[in-house]
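Peer 1: Residue numbers (the working numbering): 883 to 1078.
Glycine included, each C-beta is placed from N, C-alpha and C at the ideal position.
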């Protein structure tokens, strides 16, 4: 059986690192071939064109965005729809609360934390910002090395317990039936760059 394409639109390299290592295998088990588009690195119109092409081809997609400093996820979804010309469906927008760093830390077990030489919160990571994440990085290791080390021992089940937006994403998109497989052939993306 041929895998159905699933287009995942992400902000940047930290999101790509997480989704490639943790999420891609989970979607592969469900018969999807994940294709990444980093919209923050592209012109807005190219992203709009991509979404239109994906929808026209009947393929599944997910648009992922950090909550950042927006007070409510619904407001962030609406901002996203407004920014991209209502090219997508609101239910296909995933808001990471508050930032992807919270998803990283959610999957760090006590044993992994000890091996990493870091004290990570044993409670929920729904309030972890980039600044808090940076403060936890041990001396002598780069941010990227730290993120990669976390992903090597990532505990998905633990992450579901410690971060509500990650649990929502897993329940609705990975385990649930939110995604629908589309057409038989991929749409023409000759005018789009950056799909990985």
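On the three-state DSSP scale, how would you describe residue 1036?
Peer 2: Residue state, collapsed to three classes: coil.
Peer 1: What does DSSP give as the partner residue(s) for residue 886 in the beta ladder?
Peer 2: DSSP output for residue 886 lists 914 as bridge partner(s).
Peer 1: Output the distance between the C-alpha atoms of residue 918 and residue 1015, rounded to the nearest integer angstrom.
Peer 2: Computed Cα separation, rounded: 24 Å.
Peer 1: Use the C-beta contact count for residue 968: other C-beta atoms within 10 angstroms, 16 or more gives buried, fewer gives exposed.
Peer 2: Classification for residue 968: exposed.
Peer 1: Between residue 984 and residue 1036, is the Cβ-Cβ spacing less than 8 Å?
Peer 2: No. Outside cutoff.
Peer 1: Which of the three DSSP states is assigned to residue 986 in this structure?
Peer 2: In the structure shown, residue 986 sits in a helix (DSSP, three-state: H, G or I).
Peer 1: Measure the alpha-carbon distance for residue 929 versus residue 915 and round it to whole angstroms.
Peer 2: Using only the alpha carbons, I get a separation of about 19 Å.
Peer 1: Which residues does DSSP pair with residue 943 in a beta bridge?
Peer 2: BP columns for residue 943 point to 889.
Peer 1: Does DSSP put residue 976 in a helix, in a strand, or in coil?
Peer 2: Of the three classes helix, strand and coil, the one that applies to residue 976 here is strand, per DSSP.
Peer 1: Identify the continuous alpha helix (DSSP H) that holds residue 934 and give its terminal residues.
Peer 2: Residues 926-938.
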